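The next block holds one structure in the form of C-alpha cells; read it before the comments.
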Amino acid sequence: MTSPLLLLPGVTMDHILYFCDYLEIARLRNVCHSLRNHIDLFKPDAHVKEVRLGNWENAEICFESENESKNNSRIWIGYKETDDGCTVACKTHMGSTPLKTISGLDPMDALMQDFKIYLRHLKTPLTKLKLDEVCCDPLLQIMRSQTFKLKTNKLQLSELSTAQILAMLPFFDAKCLKNLKIFTDVNDVTGEPLGVFHELFETEYWRNAEKIRLSNFYISDVRQIFHLKKFEGCMSTAAIDDLVLLKNTFIRLTGFEWIHINFDVDFDVSSINEAFGAPSFDIEFTNSWFFRIHNDTNSVLWVELTDNKVLVIERVDRSDIPPGAVVINYKASGY
1 MTSPLLLLPG VTMDHILYFC DYLEIARLRN VCHSLRNHID LFKPDAHVKE VRLGNWENAE
61 ICFESENESK NNSRIWIGYK ETDDGCTVAC KTHMGSTPLK TISGLDPMDA LMQDFKIYLR
121 HLKTPLTKLK LDEVCCDPLL QIMRSQTFKL KTNKLQLSEL STAQILAMLP FFDAKCLKNL
181 KIFTDVNDVT GEPLGVFHEL FETEYWRNAE KIRLSNFYIS DVRQIFHLKK FEGCMSTAAI
241 DDLVLLKNTF IRLTGFEWIH INFDVDFDVS SINEAFGAPS FDIEFTNSWF FRIHNDTNSV
301 LWVELTDNKV LVIERVDRSD IPPGAVVINY KASGY
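The UniProt record's numbering applies: residue 1 is where the sequence shown begins, and numbers increase by one.
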C-alpha cells in the first residue's frame, strides 16, 4: 500500500518534514524506499540542539531535540560488540525499541554510519556537542571528507590528547564556538604532565571564545584570558602584579562574569594585602575583597583567595556582600 505521504505534493511533504524532529525523520526513512529517497534528496533539518558522541569507553550517540514542546525529545543509541558484529539499542522519551543485531560491522563503524546520516540533516547550529575520546579518531575520518564545518555554541572534549584536540578543532566553525570545555587526564599518551597548552592559545578558537574551562591544562600568562567572560583552569605561579592586573582588567570589562584559577605555588597574603588593602571579609583559610565598580550601583567585583592558591574573581550583586564587609573604593584600589 502506498504511504499517504507519497501522495502529497512535494512542497506539502517538505513542509510536514520541516516540523519533524530527528527521530521522526529516521522513522519515516524506514517506511519505504520512495520516502527515504525523498528525505535523502531534500535533507530536512533534524532540529537537534545537543549531541553527545561516546561515553567514556562506550560507543554511544545521544541526540536532544531543540523542540521543547516535544518533551525535550531525546534519542539514545548504544552499540555493543558481539561475536559476529554488534547490537544496537535505542531509547527515547517514548520508550525503547527492540534490540537490533548487525552482522559484520563493529560498534564504532555502525555508530559512525548513523552519525553520517545525521550530518545530512544538520542545518541549525547546535547548542552543545560533547565528544569523548572513544569517538574522536573515527569522527576525524568522517570530517576529513566533509565540505562544511560543524557549528556549535558549546564544545566539550573529554579525554582527548593534545594532538587529537588540535586535529579536531579545525572541523568546527570558530565564529560560532563561544564556550569551550576540555577535560583531560593528568597525563597524556607520553606519560608526561600536560602542562601549558601553548598551541591552543594561538588558535582562532581560543581568541574567539567567551567562556573556557580547562582540566589539567595550564595557562602561562594571565593576559591569555583577558578577553574571556568566564575561565576555569590552572596556572603554575603568578606575581602579585598579575593579580592586580587581573582585578583591574575585569573591573572594567562589562561582560565579565567570573574566573577560577588554581595555582601550584602559594601567594604571600601580606603582599596581596599591600596591593589590595586589608581584606573586606575573611574567614579561616579564605580572604575576600569587594571592589566598587565605576558607574555600577548594582554589582561589585569580588576577589577571593582560598588556601593562598585558589583565586576566584567574580562580578556579584551587591545583595551578596556579607554583612559588615567593607567595599573598597575603585580609586583606592588602583582603578
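In this text, a Cβ means the ideal position worked out from N, Cα and C, and glycines have one as well. As the structure is a prediction and not an experimental result, all values here were calculated from the model.
DSSP state of residue i mapped onto helix, strand, coil
{"i": "K247", "result": "helix"}
{"i": "T97", "result": "coil"}
{"i": "N153", "result": "strand"}
{"i": "T162", "result": "helix"}
{"i": "W206", "result": "helix"}
{"i": "E50", "result": "strand"}
{"i": "G191", "result": "Its pLDDT being 48, under 50, G191 is placed unreliably in this model, and the coordinates cannot settle the point."}
{"i": "R59", "result": "Arg is not the amino acid found at residue 59; the sequence shown has Ala there. Three-state DSSP puts A59 in a strand."}
{"i": "L177", "result": "coil"}
{"i": "E64", "result": "strand"}
{"i": "F285", "result": "coil"}
{"i": "K70", "result": "Only weak support is given to the placement of K70: the predicted model assigns it a pLDDT of 49, under 50, and the question is left unresolved by the model."}
{"i": "S280", "result": "coil"}
{"i": "V326", "result": "coil"}
{"i": "K116", "result": "helix"}
{"i": "F226", "result": "coil"}
{"i": "L126", "result": "strand"}
{"i": "F172", "result": "strand"}
{"i": "D241", "result": "helix"}
{"i": "S145", "result": "coil"}
{"i": "L140", "result": "helix"}
{"i": "D268", "result": "coil"}
{"i": "residue 338", "result": "Not covered by the structure: residue 338. The range shown for the chain is 1 to 335."}
Those residues which DSSP pairs with residue i across a bridge
{"i": "C90", "result": "I77"}
{"i": "M235", "result": "I219 and F263"}
{"i": "R292", "result": "V300"}
{"i": "V312", "result": "H260 and E304"}
{"i": "L214", "result": "I182"}
{"i": "D132", "result": "S158"}
{"i": "V196", "result": "Y218"}
{"i": "G85", "result": "T82 and S103"}
{"i": "D317", "result": "S299"}
Nonlocal neighbours in the same chain, by C-beta distance under 7 Å from residue i, ignoring five residues either side
{"i": "V316", "result": "S299, V300 and W302"}
{"i": "P170", "result": "none"}
{"i": "R318", "result": "N298, S299 and V300"}
{"i": "D106", "result": "E81 and C86"}
{"i": "S215", "result": "I182, F183 and T184"}
{"i": "F226", "result": "T249"}
{"i": "residue 374", "result": "The requested residue 374 is not part of the displayed model; the chain covers only 1 to 335."}
{"i": "D114", "result": "I61 and I77"}
{"i": "T203", "result": "L169"}
{"i": "I102", "result": "G85, C86, V88 and A110"}
{"i": "L166", "result": "E199"}
Where residue i falls, given that 16 or more other Cβ within 10 Å makes a residue buried
{"i": "T184", "result": "buried"}
{"i": "T97", "result": "exposed"}
{"i": "G324", "result": "exposed"}
{"i": "P125", "result": "exposed"}
{"i": "E192", "result": "Low per-residue confidence applies at E192: pLDDT is 49, beneath 50, and the placement is therefore not dependable, though the value from the model is reported in the following sentence. E192 should be labelled exposed."}
{"i": "T162", "result": "buried"}
{"i": "L150", "result": "buried"}
{"i": "L140", "result": "exposed"}
{"i": "K116", "result": "exposed"}
{"i": "A239", "result": "exposed"}
{"i": "H294", "result": "exposed"}
{"i": "G233", "result": "buried"}
{"i": "F290", "result": "buried"}
{"i": "D320", "result": "exposed"}
{"i": "G104", "result": "exposed"}
Close-in-space but distant-in-sequence residues of the same chain around residue i (CB under 6 Å, 5 per side omitted)
{"i": "F197", "result": "F217"}
{"i": "L129", "result": "V51, T152 and L155"}
{"i": "W206", "result": "L200"}
{"i": "D266", "result": "N308 and K309"}
{"i": "L131", "result": "L53 and L157"}
{"i": "G78", "result": "E60 and A89"}
{"i": "K100", "result": "V88"}
{"i": "E304", "result": "S288 and V312"}
{"i": "residue 337", "result": "The first residue shown for the chain is 1 and the last is 335, placing residue 337 beyond what the model contains."}
{"i": "F231", "result": "I212, I225 and I259"}
{"i": "D264", "result": "S236"}
{"i": "N58", "result": "none"}
{"i": "P322", "result": "F281"}
{"i": "L160", "result": "E133 and C136"}
{"i": "I261", "result": "M235 and L311"}
Sequence-distant residues of its chain with Cβ nearer than 8 Å to residue i (five each side left out)
{"i": "M1", "result": "Note that M1 scores 47 on pLDDT, short of 50, meaning its location in the model is unreliable; the coordinates nonetheless yield the value given after this. Cβ within range, chain order: n/a, list empty."}
{"i": "R74", "result": "C62, F63, E64, S65, T92 and H93"}
Can you confirm whether the segment 210-221 touches the segment 265-272 when touching is taken to mean that 3 or more C-beta pairs between the two stretches lie within less than 8 Å?
no
Check whether the segment 256-264 and the segment 280-294 touch, using three or more Cβ-Cβ pairs below 8 Å as the test.
no
Three or more C-beta pairs below 8 Å linking the segment 133-144 and the segment 175-182:
No, the segment 133-144 does not touch the segment 175-182.
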